[in-house]
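Asker: Quick one: the structure is below, questions incoming.
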Amino acid sequence: MRIGTYIAAGCIALAFAATGLRAAVPTLDSVYPPGGKKGGEIELTLSGKFDPWPCAIWFSGKGLTFTPDPKKKGVGKLRIAPDAPSGPVFVRAHNAEGASAPVFFIVSERNEILEEESDKSTVSGAPSLDRTQLPLVLNGTLSAGGELDSKRLTLEKGETLHAAVEAYALRSRVDPALHLHDTAGNRLLLEHDGPENLDPRLTFTAPKKADYVISLAGFSHPPATSVAYTGSKNATYRLHLALQREQLPPHLVPADPGPDSSGDLLAPGKPLVGTLKTAGEPARYKITAKKGDKLVVKVEGRALGYPIDPVLRILKPDGSVIRTQDDTAKHPDPEYLWTVPADGDYGITVSDRFSRAGETMRFRLSAAPPVADFTVALDKDRYTLERGKALEIKATVTRLRGHKENLTFTLPGLPSGITLTAPETIPEKGGEVVLKLEAKADAPAVSLALRVVATEKQAEGDKKARAKNAAFSLKDDNYRGPYVLDEIEEIWLTLPPLKEEKKEEKKEAKAKEKPKK
């Protein structure tokens with residue numbers, strides 16, 4: 405099965421031929437706007453290198469159709485179908501020679517407006533927002549160093565403004581800051597990092613009816629020696645504004661785990677909900693367990709959207725510490741697979757790494773028998789295959805909580821003329837395995853998205869066998885919390901055209917260019 409939506413692939417090949425040039429692999433750094441409302445059509449600007457233009461555009465989701473403007477390089481019309489699934493999708497530019505790295509686009513259900521190029525980047529010169537459009541999303545770009553994008557909004561006394569930024573989460577390489585001023589220029593609020601990543605959120609209740617100015621600026625990310633506000637054409641953002649918290653997108657609103665649990669006894673399969681109420685004081689719980697029991701003890705806080713940085717401790721009956729667990733696999737929420745050493749009543753505490761407390765320091769604590777699982781991570785998101793030469797795809801298998809099943813690998817939709825060779829046995833401890841692709845000498849050119857699927861090898865007829873898509877992780881050295889998506893399952897495979905194919909394309913193009921007699 406081929407993945408995603410491909411746009412204008414046939415006419416792109418003719419465009420390459422008409423130029424008489426070998427196409428370079430396109431690069432795509434960002435798209436603007438970075439999001440749009442379903443059911444509409446917008447002008448989409450692509451930032452990158454596209455030689456020649458136009459090139460084809462691929463989306464990982466359904467319902468998005470891009471029509472390039474042949475006269476404006478990097479510009480075209482994007483139509484978003486009314487039934488397009490909401491949420492983030494990946495976008496790639498591609499041609500016969502390869503594909504760009506993926507960037508994000510957000511399919512929205514909310515009102516979407518664009519930052520005007522004429523907007524003054526000052527608090528005093530901020531243009532007004534139309535209240536009747538709320539809730540809305542402002543799409544913009546911090547295009548120049550020192551830029552402060554500002555909007556003026558009238559609030560009634562007692563009204564609460566909820567604002568949330570997505571910039572870092574779009575991989576815009578910017579560390580944003582939200583400011584709120586009165587019209588005299590006095591700063592009333594400043595929010596920098598958010599509860600999950602570098603993108604801030606702001607809540608402000610107006611003490612009186614007045615105009616207020618909300619502003620967005622950004623620092624360099626990764627951090628630079630200069631602490632001045634930064635900007636570039638790729639520093640795109642989405643600023644969500646609403647007068648009710650529930651009107652923000654669900655992923656930007658903390659999940660409600662329910663009221664705090666009345667008891668302190670943790671039982672397997674029955675999570676407890678709590679709030680840290682006193683600074684520096686952990687929440688304390690009890691658990692009765694038997695020798696040899698295996699339990700996954702887990703605290704969810706950030707995963708629910710709260711700013712708590714939880715620390716988990718498991719205590720012996722005498723109060724001494726068996727285990728202290730902080731982060732787990734680059735995520736602040738701790739998880740520990742505990743093998744109980746002896747029958748007894750044990751203690752569990754949950755605290756915040758920075759000793760904070762308050763109504764936002766919420767969490768859910770659980771203990772449950774481990775469920776075996778596995779993940780498969782790929783070494784790249786793009787691969788180029790050469791005829792007569794084997795291509796290696798390196799996949800790292802991680803077995804979790806006692807997983808032992810053997811795995812088989814497939815690439816559904818792999819074109820004819822290309823074969824896959826995969827290992828028959830995966831080591832019980834997991835680790836790196838190599839998948840090999842080979843193309844026949846006469847295999848036709850390929851440029852498409854595929855998925856690598858790992859399936860548990862079970863007895864024939866066993867319906868419990870699980871299949872999972874392998875993924876390439878976007879968590880690099882600059883990772884500071886979740887992006888809108890942290891990994892991509894759709895790899896790109898390219899088998900460039902044969903020389904004969906290119907010569908034939910050039911002949912056809914020259915024939916079309918000859919004037920009619």
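Take 405 as the starting number for the sequence shown in our numbering and just add one per residue. Even for Gly, the Cβ is constructed at its ideal location relative to N, Cα and C.
In the DSSP assignment, what residue or residues form a beta bridge with Ser724?
Answerer: Counted from its first residue, the sequence shown places residue 724 at position 320. DSSP output for Ser724 lists no bridge partner at all.
Asker: Can you look up Arg884 in the DSSP assignment and give me helix, strand or coil?
Answerer: Indexing the sequence shown from 1 puts residue 884 at position 480. Arg884 falls in the coil class under three-state DSSP.
Asker: Is it a yes or a no for the segment 797-808 touching the segment 832-848, going by three-plus beta-carbon pairs under 8 Å?
Answerer: Counting Cβ pairs under 8 Å, three or more are found: they touch.
Asker: Let me confirm a value: Pro816 is counted as buried when at least 16 other C-beta atoms fall within 10 Å, else exposed. Which label applies?
Answerer: To locate residue 816, count along the sequence shown from 1; it is residue 412. That one is exposed.
Asker: Is the beta carbon of Arg757 sitting closer than 8 Å to the one on Tyr740?
Answerer: Residue mapping note: residue 757 aligns to position 353 of the sequence shown, counting from 1. Residue mapping note: residue 740 aligns to position 336 of the sequence shown, counting from 1. Not in contact: Arg757 and Tyr740 (Cβ atoms no closer than 8 Å).
Asker: How many Å lie between Glu447 and Pro430 at the Cα?
Answerer: In the sequence shown, residue 447 corresponds to position 43, counting from 1. In the sequence shown, residue 430 corresponds to position 26, counting from 1. Rounded to the nearest angstrom, the two C-alpha atoms are 20 Å apart.
Asker: Just verifying my parser: in three-state terms, what is the DSSP assignment at Pro486?
Answerer: Walking along the sequence shown from the start, residue 486 turns up at place 82. Pro486: coil per DSSP, three-state reduction.
Asker: Going by CA-CA distance only, name the one from His655, Leu656, Val703, Leu769 that's closest to Asp668.
Answerer: Sequence index remark: in the sequence shown, residue 668 carries index 264 (1-based). With distances taken between Cα atoms, Asp668 lies closest to Leu769.
Asker: Distance check for Asp777 and Lys477, CA to CA, integer angstroms please.
Answerer: Start at 1 with the first residue of the sequence shown, and residue 477 comes out as number 73. Start at 1 with the first residue of the sequence shown, and residue 777 comes out as number 373. When rounded, the distance between both Cα atoms is 46 Å.
Asker: Suppose contacts are defined by Cβ-Cβ distances below 8 Å. Is Val677 in contact with Gly709 by that definition?
Answerer: As a first step, residue 677 must be located in the sequence shown, where it is residue number 273. As a first step, residue 709 must be located in the sequence shown, where it is residue number 305. The answer is no: Cβ separation not under 8 Å.
Asker: Hey, quick one: how far does the beta strand (DSSP E) through Asp777 stretch, first residue to last?
Answerer: On the sequence shown, position 373 is the one that residue 777 refers to. Looking at the DSSP string, the run of the beta strand (DSSP E) that includes Asp777 is 777-782.
Asker: Starting from the C-beta of Ala548, find all residues in its chain whose C-beta is less than 6 Å away, skip the five residues before and the five after it, and write them out in chain order.
Answerer: Locating residue 548 in the sequence shown gives position 144, counting from the first residue. Gly635, listed in sequence order.
Asker: Starting from the N-terminal side, write out each stretch of the beta strand (DSSP E) that is 3 residues or longer and does not extend beyond the segment 615-688.
Answerer: For the segment 615-688, whole beta strand (DSSP E) runs of length 3 or above, ordered along the chain, are 640-646, 676-679.
Asker: With a cut-off of 8 Å, do at least 3 Cβ pairs link the segment 565-582 to the segment 605-618?
Answerer: The segment 565-582 is in contact with the segment 605-618.
Asker: Would you call the segment 873-880 and the segment 465-485 touching, i.e. three or more CB-CB distances under 8 Å?
Answerer: Segments in contact, no.
Asker: Out of Ile484, Ser619, Leu841, which has the shortest C-alpha to C-alpha gap to Ile822?
Answerer: Numbered from 1 along the sequence shown, position 418 holds the residue referred to as residue 822. The option with the nearest alpha carbon to Ile822 is Leu841.
Asker: Is Gly467 closer than 8 Å to Ala488 when the C-beta atoms are compared?
Answerer: For this step, residue 488 is matched to residue 84 along the sequence shown. For this step, residue 467 is matched to residue 63 along the sequence shown. Yes.
Asker: What number of angstroms, rounded off, separates the C-alpha of Cys459 from the C-alpha of Ala497?
Answerer: What you label residue 459 is simply residue 55 of the sequence shown in a count that begins at 1. What you label residue 497 is simply residue 93 of the sequence shown in a count that begins at 1. So the alpha carbons of these two residues sit roughly 7 Å apart.
Asker: Considering Cα atoms alone, identify which of Pro661, Leu518, Asn543, Ala505 is closest to Asp433.
Answerer: Here residue 433 refers to the residue found at position 29 when the sequence shown is read from its first residue. The option with the nearest alpha carbon to Asp433 is Ala505.
Asker: Decide if Arg514 is buried, meaning its Cβ has at least 16 other Cβ atoms within 10 Å, or exposed.
Answerer: In the sequence shown, the residue the question calls residue 514 occupies position 110. So Arg514 counts as buried.
Asker: Per DSSP, which one or two residues make a beta bridge with Val856?
Answerer: Numbered from its first residue, the sequence shown carries residue 856 at position 452. In the DSSP output, where bridge partners are listed per residue, Val856 has none listed.
Asker: Have a look at Val507, Val435, Lys674 and flag the residue whose alpha-carbon is nearest the alpha-carbon of Lys481.
Answerer: Within the sequence shown, the letter at position 77 stands for residue 481. Among Val507, Val435, Lys674, the Cα nearest to that of Lys481 is on Val435.
Asker: What whole-angstrom Cβ distance do Pro438 and Asn543 have, given they're in contact under 8 Å?
Answerer: Locating residue 438 in the sequence shown gives position 34, counting from the first residue. Locating residue 543 in the sequence shown gives position 139, counting from the first residue. The pair is a contact, with the Cβ atoms about 6 Å apart (cut-off 8 Å).
Asker: With a CB to CB cut of under 6 Å and the five nearest residues on each side skipped, what residues in its chain are close to Gly662?
Answerer: To locate residue 662, count along the sequence shown from 1; it is residue 258. Hits under 6 Å: Val677.
Asker: Please give me, in chain order, every unbroken run of the beta strand (DSSP E) with length at least 3 that falls completely inside the segment 490-553.
Answerer: Those beta strand (DSSP E) runs which fall completely within the segment 490-553 and span 3+ residues are 491-499, 507-512, 515-518, 540-545.
Asker: Which residues mark the beginning and the end of the beta strand (DSSP E) in which Trp896 is found?
Answerer: Sequence index remark: in the sequence shown, residue 896 carries index 492 (1-based). 895-899 is the extent of the beta strand (DSSP E) around Trp896.
Asker: According to the neighbour-count rule (16 or more other Cβ atoms, all chains shown, within 10 Å of its Cβ), is Glu790 buried or exposed?
Answerer: Residue mapping note: residue 790 aligns to position 386 of the sequence shown, counting from 1. That one is exposed.
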